[in-house]
Amino acid sequence: MKKTGERTKKTLEILPPCVSKRNVLIKPNLVEPMSPTSGAVTRPEAAGGIIDYLGENH
């Protein structure tokens with residue numbers, strides 16, 4: 002599962018987001034209580050990769 006976070010960070014390095022403000026809202030897809038492997042909700046590792054990327058680059 003750690004690979005998901007690493008892939009997310011690598012993707013953001015290739016295609017960096019346009020972040021111009023100090024505060025950023027990350028809204029994971031949490032519609033229903035489902036397994037992260039279902040594809041219906043955001044994997045926690047992906048959200049972690051976004052947080053790591055922003056912490057290191059902004």
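All residue numbers for the sequence shown refer to my numbering, where the first residue is 2 and numbers rise by one. Glycine included, each C-beta is placed from N, C-alpha and C at the ideal position. Because the structure is a prediction, the values reported are computed rather than measured.
* A48, enclosing alpha helix (DSSP H) - first and last residue -> Within the sequence shown, the letter at position 47 stands for residue 48. Unbroken alpha helix (DSSP H) run through A48: P45 to N58.
* To do: Please report how far the alpha carbon of T38 lies from the alpha carbon of I15, in whole angstroms.
  => As a position in the sequence shown, residue 38 is number 37, starting the count at 1. As a position in the sequence shown, residue 15 is number 14, starting the count at 1. So the alpha carbons of these two residues sit roughly 25 angstroms apart.
* Rounded to whole angstroms, what's the CA-CA distance from K10 to Y54? Just pull it up for me. => Here residue 10 is taken as the residue at index 9 of the sequence shown, counted from 1. Here residue 54 is taken as the residue at index 53 of the sequence shown, counted from 1. Taking the straight line joining both Cα atoms gives about 6 angstroms.
* **Three-way DSSP call (helix, strand, coil) for S36 in this model** => As a working mapping, residue 36 is identified with position 35 in the sequence shown. Correct three-state label for S36: coil.
* Specify the secondary structure class of I27 as computed by DSSP and reduced to three states. => Position 26 of the sequence shown holds residue 27. If DSSP states are grouped into helix, strand and coil, I27 belongs with coil.
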